[in-house]
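To start, the structure under review is shown below, and the notes come after it.
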Amino acid sequence: MSGIEVQGLGKRFGDRVAVEGLDFHVRPGEVFGLLGPNGAGKTTTVRMLTGLLRPTEGEATVWGHHVDRDGESLRKVVGLLTEQPGLYDRLTARENLRFFMKLHEMDEAAAWPRALHYLERFGLGGREAEPVGGFSKGMRQKLAIVRTLVHDPRVIFLDEPTSGLDPESARTVRDAVAELASEGRTIVLCSHNLAEVERLCERVAVVKRRLLLMGPVRELRRAGQALDVRVEGEAERFRDALASLPFATNVLAEGMRLRVMLEDDAHAPDVVACLVGAGARVHSAVPSQRPLEEVYLDLLREGRS
Amino acid sequence: MSFRPRRALAVFWKDVLDLRKNLGLLASMAVLPTVMVLVPIGVVWSYVRTPNHADLRSVALFYDPSLPLGASAARFLIDKTLTDWFGMFLVMPVFVPILIASQSVAGEKERRTLEPLLATPITAAELVAGKSLAALVPAVLITWVAFVFFCVGVDLVAWPLVQMPLMPDALWTFGVLVLAPLFAFFGNGVAVLISARAGDARMAQQLSALVVLPLVGMVGGQVAGFLKAGLLYYALQGAVVLVLDAVLLWASIRLLDRERLVSRWG
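In the order they appear, the protein sequences are chains A and B. Adding 279 to a residue's 1-based position in the first sequence gives its number in our numbering. Adding 15 to a residue's 1-based position in the second sequence gives its number in our numbering.
This is how it looks when you write it as structure tokens:
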């Protein structure tokens, strides 16, 4: 069984194209990152994959359910954490969760221990009888996550799951995501927190109306190797010399440090030779991978140009 | 597409729970029944207090110039008040669901709870059914309870003059048991429809509440002597509202389409 299969998926609202020609698949047990700037079509894509919006082109299946034809059965197997927690303030945490158990036609007595387990896990144990209106932003977010999981979904869409959470709670959520994936669930993570995406996701897709790039995080980072060089004196003096190298895609200088982006890390000795030739005294040269954030921002810049 | 009553009942359960905790809304819901019960009791009491006042006969003759000389003008006016007031009483089952359904439907949009709700297996028909039940059941119950107080109050104040119970009579019994639910359904349908399009609950309430104006206008026509109310008159109103109910139900299910709601409000 495939987690998610997407082929040529697109959505138009009248004349406006929100998303077009998306192709990707996500395996069961995989945490997949869906990245893109605001308005890039991530939410529209998630809404199509959860049966909330009908695609205007292409097709997709989620856990074997066709998104256009099997809406009701599809929504039984997906869990969606929206950007806003969307809770009923006058109701207690327990009543909020019971409502969603009822909507999923679950045996509440049997399902409650599972909810309680997640409440405990996210630090909400003992607070289930309190009205949600009195909860802090972080508590509301955690309760919304519990609500997403309460019906035991096979495919989980998480939109900014750690938004508003303190570092400890964010860590708990990240651990839970990894654990859910290890149980064989498919997880799609939409986030602007690229460090989090880097930590959790095996593969990412960058979307800006269409698919800009997709691949394993490790490979994306390797796509632009960097060499961090420490020289004596002002590094800026050597910037032009390095920039003239055909294999150096970008050079950044700050204080005594230079960061040289390379097409291939095999060129590292050439960089050092170039610096020495230009009169630099090199203290250290360490190859490093670019953070996902840099790769992502470059990609968006290229997309714009 | 299947219809699962359990899911509709889940929406009903949640909305009723939410309503019970919404003290502001409960208070505003209590005002109308209080007025609807106390005003006619006060009018009947004023006739009973001075049954032989000469002006009463003049008023009675305005409505019925053929009123026999020996007939009690006070009794005639009490009967007319009770018949005419039923038209006003019907405002209650229309208005109460408007208060509830506007909060319930437009409130989902305001609180951003609509998207998580629509991401569950619930269908548009189940959502409409659950939300409608949560508005209709309290509205009909309030109408029935108000009716009981109304009957007791009218009979108590009218007893010294008529020496017999006047209420409940055939018109009111038929009206409260049959017409009130139909009118409540109408008020709910209008509120659901408008709430699905309005920006917030307050706007939805204000716009939906305009539908009571024709009802009030008809009562005005009765008081002015242009319209003569009776069992047939109210039955005719009920038939018209029944047709409107069917149209509103169809339109509500269409308008509460998942895609339409999500793309507008999600």
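Where a beta carbon is used, it is the ideal one built from N, C-alpha and C, also for glycine. These numbers were taken from a predicted model, which means no experiment stands behind them.
Query                                                                                                                                                                                                       : Result
Per DSSP, what kind of secondary structure is residue 410 of chain A in: helix, strand or coil?                                                                                                             : strand
Does the pairing of the segment 156-175 of chain B with the segment 96-115 of chain B give three or more beta-carbon distances under 8 Å?                                                                   : yes
So, are the CB atoms of residue 564 of chain A and residue 540 of chain A less than 8 Å apart?                                                                                                              : no
Residues in its own chain within less than 6 Å of residue 507 of chain A by CB, not counting five upstream and five downstream?                                                                             : 538, 565 and 567
Take the Cβ of residue 317 of chain A as the centre, count every other Cβ of all protein chains shown within 10 Å, and call the residue buried at 16 or more, exposed below.                                : exposed
Where does residue 241 of chain B land, buried or exposed, given buried means 16+ other C-beta within 10 angstroms?                                                                                         : exposed
CA-CA distance, residue 576 of chain A and residue 306 of chain A?                                                                                                                                          : 26 Å
Kindly say whether residue 365 of chain A, judged by its beta-carbon, lies nearer than 8 Å to any beta-carbon of chain B.                                                                                   : yes
Can you tell me whether residue 434 of chain A is buried or exposed, with buried defined as 16 or more other CB within 10 angstroms of its CB?                                                              : buried
Measuring straight from C-alpha to C-alpha, what distance separates residue 412 of chain A and residue 330 of chain A?                                                                                      : 29 Å
I'd like the list of long-range same chain contacts for residue 324 of chain A, defined as Cβ closer than 6 Å, with 5 residues on each side in sequence excluded.                                           : 298
What is the residue span of the beta strand (DSSP E) that residue 537 of chain A lies within?                                                                                                               : 536-541
If you check the beta carbons only, do residue 201 of chain B and residue 256 of chain B fall under 8 Å apart?                                                                                              : yes
Per DSSP, which one or two residues make a beta bridge with residue 532 of chain A?                                                                                                                         : A:537
Does any C-beta atom of chain B lie closer than 8 Å to the C-beta of residue 379 of chain A?                                                                                                                : yes
Between the segment 408-436 of chain A and chain B, which residues of the former have a C-beta closer than 9 Å to a C-beta of the latter?                                                                   : 410, 423, 426, 427, 430 and 436
Given a cut-off of 8 Å on the beta-carbon distance, is the pair residue 284 of chain B and residue 45 of chain B in contact?                                                                                : Residue 284 of chain B is absent from the structure shown; chain B starts at 16 and stops at 281.
For chain B, is any of its Cβ atoms less than 8 Å away from the one on residue 406 of chain A?                                                                                                              : no
Please classify residue 237 of chain B as buried or exposed, where buried requires at least 16 other C-beta atoms within 10 Å of its C-beta.                                                                : buried
Measure from the alpha carbon of residue 550 of chain A to the alpha carbon of each residue in A:513, A:570, A:533 and A:529, then state which is nearest.                                                  : A:529
Assign residue 179 of chain B to one of two classes, buried (16 or more other C-beta atoms within 10 Å of its C-beta) or exposed (fewer than that).                                                         : exposed
Relative to the C-alpha of residue 531 of chain A, which candidate in A:441, A:514, A:430 and A:313 has its C-alpha closest?                                                                                : A:514
Could you tell me whether any Cβ in chain B is nearer than 8 Å to the Cβ of residue 326 of chain A?                                                                                                         : yes
For residue 518 of chain A, which three-state DSSP category applies?                                                                                                                                        : helix
Are the C-beta atoms of residue 175 of chain B and some chain A residue less than 8 Å apart?                                                                                                                : no
What does residue 383 of chain A reach in chain B if we use C-beta pairs closer than 8 Å?                                                                                                                   : 135 and 136
Consult DSSP for residue 396 of chain A and reduce its assignment to one of helix, strand or coil.                                                                                                          : helix
Identify, in the order they occur along the chain, each residue of the same chain with its Cβ nearer than 8 Å to the Cβ of residue 286 of chain A, setting aside the five sequence neighbours on each side. : 302, 337, 338 and 339
Please list the residues of the segment 281-295 of chain A that have a C-beta atom closer than 9 Å to any C-beta atom in chain B, keeping them in chain order.                                              : 292
Just the Cα atoms here: how many angstroms apart are residue 145 of chain B and residue 281 of chain A?                                                                                                     : 35 Å
What are the start and end residues of the beta strand (DSSP E) that includes residue 243 of chain B?                                                                                                       : Segment: none, residue 243 of chain B is in no beta strand (DSSP E) and carries neither H nor E.
Excluding the 5 residues preceding and the 5 following residue 93 of chain B in the sequence, name in chain order all residues of the same chain whose CB lies nearer than 8 Å to its CB.                   : 59, 62, 63, 173, 176, 177 and 181
Quick one: measure Cβ to Cβ for residue 486 of chain A and residue 359 of chain A, integer angstroms, because I've assumed they're closer than 8 Å.                                                         : In fact, because the Cβ distance is near 18 Å, the residues do not count as touching under 8 Å.
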